[in-house]
Every structure is written in structure tokens, then in C-alpha cells.
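In the working numbering, the protein residues as written are 4 to 272.
All C-beta atoms in this analysis are idealised placements derived from N, C-alpha and C, irrespective of residue type, glycine included.
Just so we're clear, the structure is a prediction, and the values are computed from it rather than from any experiment.
Step one of this worksheet: look at the structure below.
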Amino acid sequence: MDASNLKGVKHIILVLSGKGGVGKSTVTTELALSLVECGLRVGILDIDLTGPSIPRMLGLDGQQVHQSSSGWIPVYSDDKKNLSAMSIGFLLNNKDDAIIWRGPKKTAMIKQFLQDVAWGELDYLIIDTPPGTSDEHISVAEFLRDLHPDGAVMVTTPQGISLSDVRKEISFCRKVGIPILGVVENMSGFVCPHCTECSDIFARGGGEAMAAEYGLEFLGRVPIDPALTTLIEADGGSFTKRFTQSALYPIFKTIADRVVRSCGPVSAE
């Protein structure tokens, strides 16, 4: 694979979940925004081809990708161009169109994303993956092997059924040689919008216990915040503009600091 467009990328992180619906794309977005707040340049590559969420998360629905002599130009979410994204969602005529592709076509699309997007200089490229250990994951592991990605962030909810699927994802990473940076326990409690008290509606501590069992770093526990959910559902990028004012930002600032420490710090210019 021609990796010339990735030469300016200092660190590559994958976000994996094993199970769908655990908030993997939300964690990806919040981690990216937290890294940007640290003064870093970040790109998000959304390879969840059948369920791309990143354009909506970043308030970029309807944006289009443009070509240059170096390849596709990613879509930027801010005027300073500190956060960029690429997703199949930018290439669809209608955002509600279904992607009905067999494995080889998915593999070809992922390869094109990895080699044809002109990211420029990035401190971090975060790859948002679909759930499971399917063609997309195998393709990314093969294509990135020579680039030695920094590792994967595992996202789980506290319940046993989610933890079971994440265990399979951990096994996958160890078999293909992808380091694991740590575990995020998402939806760990519910923040009341009226009194801000956090209630453990989905149990608590399962992700932390699993991290300890496998000798992995526990990156943090993230509760459900209805205020942020409302922002994600709103149009116009309200989520990205107001995330740093939310109760979850300090949590993700800590998670981002731990990820940076694991990868090795980079100097913001």
C-alpha cells in the first residue's frame, strides 16, 4: 500500500468496541475534541462503512470531499483546520442511502481511504471502526502493519454482554499485533439533568474490572449525559462547539492525557 499520505501523521489510534451501540463513535469524537483542545492537530477516519456517524457528530452532514493532486482533501470542522474527518458519509448522494457491499468492496474502500486522503501534518489520526472483528478490522490491521499504529482504545459498557464482545476484540488485537492503549467504560451511570447526581442504571465497574483482569490501563469511566445527547441531535455542530462546557469534558481531558502519555507526547506548534 502507498502510505505517502500518512507520512505526516505522528500517531495512529484505533477505537474498537466489539459490540455495536456502546458509544464508540461518540467516544471517538470526544477524544478527538479533547486532543484538539490540547493544541494538537487531529484527523478522524470513519471506516464504519454501513453506519457512518462521524459527519453527524461533527455537524458536517452535507459537506463534500474535494480532490487535489495529492488525493482527497478531508472535511475540516473548524477554521483553523485542527480537526479533519473522512467518512463514506461525505460521498453519499443521500445520507440515508444504504451501503450494501460485500467484503472485497469494503476492503478496497478502506484501502483507498488510507492511501488517498491527503491528511497533511497530523499529531493524531483516530480510526473509528465498526463493531466486531470483520473484514474492515482485518483490512486495517494488514494495511497499517508497516506503519506500526500506536494502539487501540477499547470502548465497552459495564454490562456483561458488552464485556464479552470486547474480550473477543482484545483477543483479535493480540493475534494481529495491535497494542491496546486502554479501556473506556462508557454509559457508566446517568447524570440527572436536574440535580446532576449520577445513578448507576447500567451497573458500574465492569470495564475497569476487565481492564485489571487483562493487565490493561483503565482510561476512564464516562456517564450518560442527556445534555450532550441533546447537542448531538441538534444541527449545526452544537456538540463540537459546546463540548468543552459539558460535565464530560474534564473526564475526557483525563482520558486524552492518558492516551497521549501512552503514545508519547507530541509538541503542539
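For this session: List the whole-angstrom C-beta distance separating I74 from A121, where the pair is believed to meet the contact cut-off of C-beta under 8 Å.
Result: According to the sequence provided, residue 74 is Gly. The question's Ile does not apply to it. Between A121 and G74 the Cβ distance is about 4 Å, and since that is below 8 Å, they are a contact.
For this session: Compare the C-alpha of K84 against each of I91, K22 and E124 and name the closest.
Result: E124
Problem set entry | Cutoff 6 Å; reference I91; Cβ partners in own chain excluding five residues on either side | Here I91 has L52 and P55 as same chain residues with Cβ atoms under 6 Å from its own Cβ, once five neighbours each way along the sequence are excluded.
Exercise. Under the three-state reduction of DSSP, which class applies to E3: helix, strand or coil?
Worked result: Residue 3 falls outside the range modelled here, since the chain spans only 4 to 272, and no answer is possible.
Problem set entry | Within 9 Å, strictly: CB atoms of G154 and L128 | No; because the gap between Cβ atoms is not below 9 Å, this pair is not in contact.
Exercise. Do the segment 233 to 247 and the segment 11 to 25 meet, that is, are 3 or more Cβ pairs less than 8 Å apart?
Worked result: no
For this session: Please report how far the alpha carbon of L19 lies from the alpha carbon of Q162, in whole angstroms.
Result: 17 Å
For this session: Using DSSP bridges, identify the partner residues of R224.
Result: E188
For this session: Report the residue from G267, T257 and S265 whose alpha carbon sits nearest the alpha carbon of E33.
Result: T257
Exercise. Mind pulling the alpha helix (DSSP H) runs of 4 or more residues that sit fully within the segment 77 to 147?
Worked result: 106 to 119 and 138 to 146
For this session: Pull up the DSSP beta-bridge partners for Q70, would you.
Result: Beta-bridge pairing links Q70 to W75.
For this session: Have a look at L94, I235, R177 and A250 and flag the residue whose alpha-carbon is nearest the alpha-carbon of G65.
Result: Comparing Cα-Cα distances from G65 to each of L94, I235, R177 and A250, the minimum goes to L94.
Problem set entry | Endpoints, the alpha helix (DSSP H) within which T233 is located | P229 to E236
Problem set entry | Within the segment 14 to 61, ranges of the beta strand (DSSP E) (whole runs, at least 3 residues) | 45 to 49
For this session: Thinking S28 and I50 are a contact (beta carbons under 8 Å), I'd like their distance in whole angstroms, please.
Result: Wrong, their Cβ atoms sit about 11 Å apart, outside the cutoff.
Problem set entry | Collapsed DSSP secondary structure at G154 in the structure displayed | strand
Exercise. Taking R177 as the reference, which of L219, A212 and G209 has the closest Cα?
Worked result: L219
For this session: Could you tell me the boundaries of the alpha helix (DSSP H) in which D168 lies?
Result: G163 to V179
Exercise. Is it true that the CB of P226 sits closer than 9 Å to the CB of G192?
Worked result: yes
Problem set entry | Beta carbon of V158 nearer than 9 Å to that of V186 | yes
For this session: Could you check the C-alpha separation between R264 and L222 for me, to the nearest Å?
Result: 11 Å
For this session: Using the Cα positions of T233 and I76, report the straight-line distance between them to the nearest angstrom.
Result: T233 and I76: Cα-Cα distance of roughly 30 Å.
For this session: Whole angstroms is fine: what's the gap from D126's alpha carbon to R148's?
Result: 19 Å
Exercise. Excluding the five sequence neighbours on either side, which residues of its own chain have a C-beta within less than 6 Å of the C-beta of V68, listed in chain order?
Worked result: W75 and F93
Exercise. Does the beta carbon of Y217 sit closer than 9 Å to a beta carbon anywhere in chain C?
Worked result: Of the protein chains in this structure there is only one, and it is not chain C.
For this session: Assign P134 to buried or exposed, taking buried as 16 or more other Cβ atoms, counted over all protein chains shown, within 10 Å of its Cβ.
Result: Classification for P134: buried.
Exercise. Which residue's Cα is closest to the Cα of G106: H140, E236 and E172?
Worked result: H140
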